[in-house]
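>
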Amino acid sequence: MAGLRSPARALRFDGWIAGIGTASGTRVVLGHWPVSPFGPFSDLMVEEPDGHRLLLAPSRETADFVSGIYLFDEVRVVPVRVRITGRRHWAVSAPPLDLRFSTGPRTWPGRALRAVPGRLATSPGWLALWDRPARLLLGAGTHGSVRSGRHQWYGARDLHPVTSATVTREGRGLGALAPVEPPVRFGSGSTPRWPCLVRVTTRVALAEGRSTTGAPW
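The numbering of the sequence shown is the working numbering, which starts it at 164 and goes up by one.
Written out as structure tokens, the structure is:
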């Protein structure tokens with residue numbers, strides 16, 4: 164585990180990740196980051212039934228950063244707006260997609276995550292220990308190598324099931340809420356098979372001689 168010790172030069176993001184499947188086969192992953200090196204922002208990763216991977220990000224800077232970590236076939240810079248009502252009802256607009264979903268009370272995975280002290284829950288040693296159990300139980304790992312010579316850690320802090328969702332593309336509905344199957348193929352990270360909203364602190368280690376966008380200094 165010594166090789167997984169978090170380096171001093173790592174970027175920290177605090178927020179939420181939602182993974183949602185649809186009956187049409189389109190899968191959507193929302194990243195909502197109230198705290199990040201780029202300021203508050205949200206992005207949407209979309210994998211279509213034919214495997215086409217699309218990133219919708221609100222600025223060229225965030226688009227370059229996210230696409231420097233994950234794999235996409237297409238990247239678009241569009242306004243990404245998130246509205247949260249009563250903590251459980253989310254509305255996301257990111258042309259050409261609109262996403263609305265609601266969450267239920269946390270179940271045993273969420274209660275288990277909440278029971279782990281925050282400093283421990285985000286430490287690389289703990290995340291390395293729980294990577295394999297997380298992949299077996301949740302279908303999502305806790306760390307992995309990413310593009311541009313970087314490593315990423317996901318410290319999950321809470322989890323709520325998504326109980327209902329509507330996804331439309333240019334006004335066309337993409338079907339009822341469904342499991343996130345097959346797993347999304349954006350990179351080393353994934354989301355649990357069942358639709359859920361995860362509170363997460365993630366760290367991205369910077370490669371030597373690179374900026375936050377992945378461009379050489």
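Using N, Cα and C, we set each Cβ at its ideal position, and we do this for glycine too.
Relative to the C-alpha of glycine 338, which residue among Thr329, Pro345, Leu322 is closest?
Nearest option by C-alpha distance: Thr329.
> Are threonine 266 and threonine 185 close, meaning C-beta to C-beta below 8 angstroms?
Against a cut-off of 8 angstroms, the Cβ pair of threonine 185 and threonine 266 comes out as no contact.
> Would you report the Cα separation of proline 272 and isoleucine 183, rounded to the nearest angstrom?
Approximately 17 angstroms between the Cα atoms of the pair.
> Tell me the rounded alpha-carbon separation between tryptophan 196 and cysteine 359.
Tryptophan 196 and cysteine 359: Cα-Cα distance of roughly 16 angstroms.
> Can you tell me the Cα-Cα spacing of proline 342 and leucine 174, whole angstroms?
Going by the C-alpha atoms only, they are around 31 angstroms apart.
> Within 10 angstroms of its Cβ, does histidine 252 collect 16 or more other Cβ (buried), or is it exposed?
Histidine 252 comes out exposed.
> Sorted by chain position, which residues of the same chain lie with C-beta nearer than 7 angstroms to alanine 226's C-beta, five sequence neighbours on each side aside?
Contacts found: Leu218, Ala220, Val238, Val240.
> What residue from Gly336, Val229, Phe235, His215 has the CA that sits closest to phenylalanine 201's CA?
For phenylalanine 201, the nearest C-alpha among the options comes from Val229.
> Do valine 347 and arginine 320 have their CB atoms nearer than 8 angstroms?
No. Outside cutoff.
> To the nearest angstrom, how far is the alpha carbon of serine 199 from that of glycine 188?
Going by the C-alpha atoms only, they are around 31 angstroms apart.
> Of the residues Pro324, Ile247, Gly334, Glu333, which one's Cα is nearest the Cα of leucine 340?
The shortest C-alpha separation from leucine 340 is found at Pro324.
> In three-state DSSP terms, what is glutamate 210?
Residue state, collapsed to three classes: strand.
> Just to confirm, are alanine 254 and valine 243 a CB contact at a threshold of 8 angstroms?
No, the pair does not count as a contact, with Cβ atoms beyond the cut-off.
> Considering only their Cβ atoms, is the gap separating leucine 322 from leucine 262 smaller than 8 angstroms?
The answer is no: Cβ separation not under 8 angstroms.
> Ends of the beta strand (DSSP E) at glutamate 237?
Element bounds for glutamate 237: 237 to 240.
> Are the CB atoms of aspartate 236 and arginine 223 within a distance shorter than 8 angstroms?
Result no, Cβ atoms of arginine 223 and aspartate 236 do not sit closer than 8 angstroms.
> Alpha carbon to alpha carbon, how far is alanine 181 from valine 361?
Rounded to the nearest angstrom, the two C-alpha atoms are 6 angstroms apart.
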